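Here's the structure we're looking at; comments come further down.
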Ligand SMILES: [Zn+2]
Ligand SMILES: [Zn+2]
Ligand SMILES: [Zn+2]
Ligand SMILES: [Zn+2]
Ligand SMILES: [Zn+2]
Ligand SMILES: [Zn+2]
């Protein structure tokens, strides 16, 4: 079985390298070790979304039973998205679970993840806090996602107001990422975020 | 009731008798119809069911499969898929299949949604999309879709899926293809793998029973009994092997007179509010008269202070004398009639008060049940001593155990009247219910008092009390058990 996994990954790696998406810089794939059990993926934030301009790194682990079981994929770049954990980067996507088919490839996975960034599914959330914001206050969600893309994924959209509020919390002795999470979770309400952090 | 097998144009989907032929053997062997009718009239909890072994159920399912496969001229394996996707309703399958076989096969995921174009294979070699090996075409096989994979990959696919507990839901390996692999296809690829085959068959059987509305696995630990009933009602079934009792409809603890949805709502509420209600779990309260601390160590809620001999009610701390009368109102919650005009805060407080009233009684009876179980154990020991020292035989004392068992049965029902009352709308029906509930409660506490003092109570007196309590219970269920 492990033999099939290595053969497949070798082939899929070549397939991705040659693909038109790589030519357009939309996806990337790199080997991490020589035995094809771990790879590094990268997807570009889709245009006209809050993730536009950002690059998101993915950790891809290939199980011994691949391709009969799906690869294990996780976001290494922090991201604000209803179906991706803002804490661990774990992904809730059907093809990475029970909807996986052995004939699918890593290219399918990367393109599906890119599609997930364009069309979130808040009713099947991985991150409950983000999903609630998405459903209750879409504008606030977009603002937060854009800010995270700027800070963690190299996106172009700086939001001075967010940065200012984070700085206020840092001045009170809060660590930067913790401050960002608190503010993001409370719709950038400085008072409520402070209350939560010091309670 | 008889359906003419030959005349298919007269087939009527609503006529479900046809597929029950197999069951009749299981039902008619020891009960005559007249007897059954009688029982269901006098006993509101009467329920006709059978405890079957896995082998018996397997035989039952196989008979259904075989008769469908003969009827429609399809393979048993295909018949299984069709039955499984139609909750084992043969008649529905037959109707649908006769009306539109194509659509039926698509809906059951045997055929792909769009008819597969027949691909003309020109070369004798193909590359398998899963293992990317190039092989002779005769090494390839497909389901009813167009997706060809090599036989080794099918085998591995099945092994991996079965190892994860998946059986009836194993599908094609192609992207976005929903076509299912039927049993014969799977088994063909596991020819020399005995243990995996057995696992697969075990899992498919489990799936079949779960999809069959008339079958329930006994929830008892390590019990393999399957309970079977033609009627799907929220009634009590008791496993004849491990003695576990449960509600046939929802599979949870039996909950009459409350129905399945309401008890679910109630249990969820209790779990959510467990912290608020935690203080109730106290085992000690102060005597309302002399204020000495009293520990509750029996199930009876009629307490007698060990110090001042004051008789009081454990639930409401009221004088027990008032509980014996017509005015027994300990179980009823009196709502504030002006609550609609109060502030939101006051309404929330009232809502909590109301919930706690019912929760407290629900929880208290549950605890009493456990304590009475201990009482029964102690009773067993005492009677054992009596018998050993020649004071009568076990048969002489049997009535005491009968009384204790009846007490448990009554208190169990009483416990489940509280969620029922909690969700009831105020009105004359609720008033009637709470009246009957109060009556039942009073008689149960009387019975409990007498059972705890069983050896000194007159036998006739005890049996009289048993009769009264059980009558009250049956009356309440007859009036309010809505199944
Ligand atoms: Zn293959
Ligand atoms: Zn297919
Ligand atoms: Zn059992
Ligand atoms: Zn039920
Ligand atoms: Zn006292
Ligand atoms: Zn009382």
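Chains as they are written, first to last, in full-length UniProt numbering: chain A, 1 to 199; chain B, 1 to 483.
Backbone N, C-alpha and C define an ideal beta-carbon position, used for all residues, glycine too.
On a predicted model such as this, the values are computed, not experimentally measured, just so you know.
(message) As a quick check of your reading: which residues have a C-beta less than 5 Å from at least one non-hydrogen atom of ligand 2, in chain order?
(response) So the residues near ligand 2 by this Cβ test are 145/B, 147/B, 172/B, 174/B, 177/B and 179/B.
(request) Work out the CA separation of residue 114/B and residue 67/B for me, nearest whole Å. (result) Here residue 67/B refers to the residue found at position 67 when the second chain is read from its first residue. Here residue 114/B refers to the residue found at position 114 when the second chain is read from its first residue. About 30 Å.
(request) Please confirm if the segment 475-483 of chain B is in contact with the segment 37-52 of chain B, defined as three or more CB-CB distances below 8 Å between the two stretches. (result) The segment 475-483 of chain B, when compared against the segment 37-52 of chain B, does touch it at the 8 Å Cβ threshold.
(request) Determine whether the Cβ of residue 13/A lies closer than 8 Å to any Cβ atom of chain B. (result) The residue given as residue 13/A occupies position 13 in the first chain. Output row for residue 13/A: interface = no.
(request) Please report the residue range of the beta strand (DSSP E) in which residue 40/A lies. (result) Translated into positions along the first chain, residue 40/A becomes position 40. Unbroken beta strand (DSSP E) run through residue 40/A: 38-44.
(request) Closer than 6 Å by C-beta to residue 111/B: which residues in its own chain qualify, once you throw out the five before and the five after it? Chain order, please. (result) Taking the first residue of the second chain as 1, we reach residue 111/B at position 111. For residue 111/B, same chain residues with a beta-carbon under 6 Å away, outside a window of 5 residues either side, are 105 and 144 in chain order.
(message) Against residue 132/B, what residues of chain A qualify as contacts under a CB-to-CB distance less than 8 Å, listed in chain order?
(response) One-based indexing of the second chain puts residue 132/B at position 132. Result: 7, 8 and 11.
(message) Less than 8 Å between the C-beta atoms of residue 332/B and residue 434/B, yes or no?
(response) As a position in the second chain, residue 332/B is number 332, starting the count at 1. As a position in the second chain, residue 434/B is number 434, starting the count at 1. Yes, Cβ-Cβ distance for residue 332/B and residue 434/B is below 8 Å.
(request) Taking only the alpha-carbon atoms, compute the straight-line gap between residue 216/B and residue 91/B and give it to the nearest angstrom. (result) Within the second chain, numbered from 1, the residue matching residue 216/B stands at position 216. Within the second chain, numbered from 1, the residue matching residue 91/B stands at position 91. Using only the alpha carbons, I get a separation of about 21 Å.
(request) Within its chain, find whatever has a CB closer than 7 Å to the CB of residue 254/B; leave out the 5 residues flanking it on each side and keep chain order. (result) Counted from its first residue, the second chain places residue 254/B at position 254. These residues qualify, in order along the chain: 236, 245, 246 and 247.
(request) Taking only the alpha-carbon atoms, compute the straight-line gap between residue 362/B and residue 412/B and give it to the nearest angstrom. (result) The sequence position of residue 362/B within the second chain is 362, counting from 1. The sequence position of residue 412/B within the second chain is 412, counting from 1. For residue 362/B and residue 412/B, the gap between their C-alpha atoms comes out near 10 Å.
(message) Using only the alpha-carbon positions, how far apart do residue 175/B and residue 95/A sit?
(response) Counting from 1 along the second chain, the entry for residue 175/B is found at position 175. Counting from 1 along the first chain, the entry for residue 95/A is found at position 95. Going from the Cα of residue 175/B to the Cα of residue 95/A covers about 9 Å.
(message) Cutting at 6 Å between CB atoms, please list the residues of its own chain near residue 449/B, excluding the five before and the five after it.
(response) Counting from 1 along the second chain, the entry for residue 449/B is found at position 449. Closer than 6 Å at the Cβ level, and outside the excluded window around residue 449/B, lie 300 and 302.
(request) Reducing DSSP to helix, strand and coil, say where residue 467/B ends up. (result) Locating residue 467/B in the second chain gives position 467, counting from the first residue. In the structure shown, residue 467/B sits in a helix (DSSP, three-state: H, G or I).
(request) Give a yes or no on contact between the segment 166-183 of chain B and the segment 138-158 of chain B, applying the rule of three or more CB pairs nearer than 8 Å. (result) A contact between stretches requires three or more CB pairs, one per stretch, nearer than 8 Å, and the segment 166-183 of chain B meets this requirement with the segment 138-158 of chain B.
(message) With three or more C-beta pairs closer than 8 Å as the rule, is the segment 78-85 of chain A touching the segment 140-152 of chain A?
(response) Between the segment 140-152 of chain A and the segment 78-85 of chain A, the count of Cβ pairs shorter than 8 Å is three or higher; the stretches touch.
(message) Tell me which residues share the same chain as residue 57/A and place their Cβ nearer than 6 Å to its Cβ, disregarding the 5 neighbours each side in the sequence.
(response) Here residue 57/A refers to the residue found at position 57 of the first chain. So the qualifying residues of the chain are 42, 76 and 77.
(message) Taking only three categories from DSSP, how would you classify residue 228/B?
(response) As a position in the second chain, residue 228/B is number 228, starting the count at 1. Note: residue 228/B maps to strand in three-state DSSP.
(message) Any residue with its C-beta under 6 Å from a non-hydrogen atom of ligand 3 counts. Can you list them all in chain order?
(response) Proximity to ligand 3 was defined by a C-beta distance below 6 Å to any of its heavy atoms, and the residues meeting it, in sequence along the chain, are 218/B, 220/B, 223/B, 225/B, 239/B, 241/B, 242/B and 244/B.
(request) With a threshold of 7 Å, establish whether the CB of residue 152/B neighbours any heavy atom of ligand 1. (result) In the second chain, the residue the question calls residue 152/B occupies position 152. Yes.
(request) Check residue 291/B in the structure and name its three-state DSSP category. (result) In the second chain, counting from the first residue as 1, residue 291/B sits at position 291. Taken through DSSP and simplified to helix, strand or coil, residue 291/B comes out as coil.
(message) Going by the DSSP bridge assignment, what does residue 486/B pair with across the sheet?
(response) The structure shown does not extend to residue 486/B, since chain B is modelled only from 1 to 483, so the question has no answer here.
(message) Based on DSSP bridge pairs, tell me the residues matched to residue 55/A.
(response) Within the first chain, the letter at position 55 stands for residue 55/A. Beta-bridge pairing links residue 55/A to 44/A.
(message) On the criterion of 16 or more Cβ atoms from any shown chain inside 10 Å, does residue 25/B qualify as buried, or is it exposed?
(response) The residue labelled residue 25/B in the question sits at position 25 within the second chain. The predicted model places residue 25/B with a pLDDT of 47, which falls under 50 and marks its position as unreliable, so this point remains unresolved.
(request) Please name the residue in 146/B, 129/B, 131/B and 125/B whose C-alpha comes closest to that of residue 138/B. (result) Taking the first residue of the second chain as 1, we reach residue 138/B at position 138. When each option's Cα is compared against that of residue 138/B, the closest is 125/B.
(message) Less than 6 Å between C-beta atoms, sequence neighbours within five positions excluded: which residues of the same chain meet that for residue 108/A?
(response) By one-based count along the first chain, residue 108/A stands at place 108. So no residue of the chain qualifies.
(message) Please report the distance separating the alpha-carbon of residue 103/B from that of residue 79/B.
(response) Stepping through the second chain from its first residue, residue 103/B is reached at position 103. Stepping through the second chain from its first residue, residue 79/B is reached at position 79. If I take the Cα positions, the gap works out to 15 Å.
(message) Suppose the cutoff is 6 Å on Cβ atoms and the five residues either side in sequence are ignored; what does the same chain contact list for residue 451/B look like?
(response) Translated into the one-based positions of the second chain, residue 451/B becomes position 451. Shown here for residue 451/B: same chain residues with a beta carbon closer than 6 Å to its own, the five before and five after excluded, namely 403, 404 and 407 in chain order.
(request) Return yes when the Cβ of residue 290/B is within less than 8 Å of the Cβ of residue 305/B, no when it is not. (result) In the second chain, the residue the question calls residue 305/B occupies position 305. In the second chain, the residue the question calls residue 290/B occupies position 290. Yes. Within cutoff.
(request) Could you work out which residue in 377/B, 131/B, 166/B and 161/B is closest to residue 153/B when comparing CA atoms only? (result) Within the second chain, the letter at position 153 stands for residue 153/B. Checked all of 377/B, 131/B, 166/B and 161/B; the closest Cα to residue 153/B is 131/B.
(request) May I ask whether a heavy atom of ligand 4 can be found less than 7 Å away from the beta carbon of residue 109/B? (result) Working through the second chain from its first residue, we reach residue 109/B at position 109. Answer for residue 109/B: no, Cβ out of range of ligand 4.
(request) Kindly list the residues whose CB is nearer than 8 Å to the CB of residue 323/B, restricted to its own chain and excluding five residues on each side of it in sequence; keep chain order. (result) Indexing the second chain from 1 puts residue 323/B at position 323. Sequence-distant Cβ neighbours of residue 323/B in its own chain, meaning closer than 8 Å and more than five residues away, are 302, 313, 330, 442 and 445.
(request) Indicate whether the contact test is met: 3 or more Cβ pairs, each with one atom in the segment 377-396 of chain B and one in the segment 216-233 of chain B, closer than 8 Å. (result) These segments do not touch.
(message) Between the alpha carbons of residue 189/A and residue 177/B, how many angstroms are there, rounded?
(response) Along the first chain, read from residue 1 onward, the residue named residue 189/A stands at position 189. Along the second chain, read from residue 1 onward, the residue named residue 177/B stands at position 177. Straight-line measurement puts the Cα of residue 177/B at about 47 Å from the Cα of residue 189/A.
(message) Which same chain residues end up closer than 7 Å to residue 189/B when comparing Cβ atoms and leaving out the 5 residues on each side of it in sequence?
(response) Reading the second chain from its first residue, position 189 is the one you call residue 189/B. Apart from sequence neighbours up to five positions away, the residues of its chain that approach residue 189/B with a beta-carbon distance below 7 Å are 151, 154, 155 and 158, ordered along the chain.
(request) Tell me, please, which residues DSSP counts as bridged to residue 30/A. (result) Translated into positions along the first chain, residue 30/A becomes position 30. DSSP, once it has assigned bridges, lists 40/A as partnering residue 30/A.
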